[in-house]
Amino acid sequence: MPSLVGALAPQSVLRTATLQGNHHSGYHGVIVPFDLHQEPAMRETFDAWITPIMIGALMLFMCFIILDLARRSKAGRFGTLMMFVVLGAGMLGYVFKVVITWWLEQQGI
């Protein structure tokens, strides 16, 4: 049975994962882009780069949606501002969380 990853990724990227010494995990012979057990540094690097990039892209897309919603409803300047304040509050909370976490790590707390 082909895996979902095998269906979505180009064949030049794929190779068969062979897990040495851990055959009972259920992943033996599954097609994956890279073997997570043999290359953990690659996965950590990928996660460290892709997570902020994709969250930033999602936030920009959400801003576009709010702007489009304001234009279609003919909200005006004040209405558009209120839509960004109310609907963007969750995004702003996430940005505050990231900044506060970074600041606390810099302080050594």
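Numbering (full-length UniProt numbering), first residue to last: 1 to 109. Just so it is clear, CB atoms sit at the ideal spot from N, CA and C, and this is done for glycine as well.
>> Comparing C-alpha positions only, which one of Phe46, Leu60, Thr101 sits nearest to Gly88?
In response: Leu60
> Straight-line CA distance for Ala7 to Ile50?
Replying inline: Annotation note: pLDDT 48 at Ala7 (below 50); position unreliable, coordinate value reported separately. Approximately 21 angstroms, taken between the alpha carbons.
> Quick check: the stretch 63–70 against the stretch 80–95, are there 3 or more CB pairs under 8 angstroms?
Replying inline: yes
> Are the CB atoms of Thr80 and Arg72 nearer to each other than 9 angstroms?
Replying inline: no
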